[in-house]
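One structure is given below, encoded as structure tokens.
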Amino acid sequence: AILGQHGMGRFDRMFLDEKKLKKIRVNSSLGDFPLGVISRPYSYSLDIEIPKEVFVFDSGGNFDRLTGNIYKCADDSPTPHHMYLYKVETENPDFHRPEFFGKLL
Numbered sequence: 132a133i134l135g136q137h138g139m140g141r142f143d144r145m146f147l148d149e150k151k152l153k154k155i156r157v158n159s160s161l162g163d164f165p166l167g168v169i170s171r172p173y174s175y176s177l178d179i180e181i182p183k184e185v186f187v188f189d190s191g192g193n194f195d196r197l198t199g200n201i202y203k204c205a206d207d208s209p210t211p212h213h214m215y216l217y218k219v220e221t222e223n224p225d226f227h228r229p230e231f232f233g234k235l236l
């Protein structure tokens, strides 16, 4: 599932409209099916297309400087894990830290 929020910090965030989030397209080199447990490092690629209309809280924003992180949290899976585009160096996973954001375009 794709989750999108907007806000300046961890709290008081606004969720993006689910209809707009459904317009985001994700293609994985691994396909669309669960792979089970992979116990070694594994390389794959993702192509993610996010239409500008998803950024409803910043219409007219400068997309040349768009930063953030893309991550997966699987806390409730049989093997809890986290994956991310830009490494977050905190004691516990914390993907809301702008100091660890990277360029998205």
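First residue of the sequence shown: 132, per the working numbering; consecutive thereafter.
Glycine included, every Cβ here is placed at the ideal spot set by N, Cα and C.
- Under the criterion of beta carbons closer than 8 Å, L216 and N193 do not qualify as touching, at roughly 20 Å.
- Going by beta carbons, T198 and G233 fall inside the 8 Å limit.
- By the Cβ test, the region 152–160 is in contact with the region 171–181, since at least three Cβ pairs between them sit closer than 8 Å.
- In this structure, the alpha-carbon of V185 lies about 12 Å from that of I133.
- Annotation for E149: the continuous alpha helix (DSSP H) segment containing it runs E149 to L152.
- Nearest to H213 by alpha-carbon distance, out of A205, E220 and D143, is A205.
- Put simply, the backbone Cα of Q136 is about 27 Å away from that of L161.
- Excluding the 5 residues flanking it on each side, F188 has same chain C-beta neighbours closer than 6 Å at H137, in chain order.
- Rounded to the nearest whole angstrom, the C-alpha separation of M139 and R228 is 10 Å.
- Taken through DSSP and simplified to helix, strand or coil, R171 comes out as coil.
- Straight across, the Cα-Cα distance linking D195 with L235 is about 9 Å.
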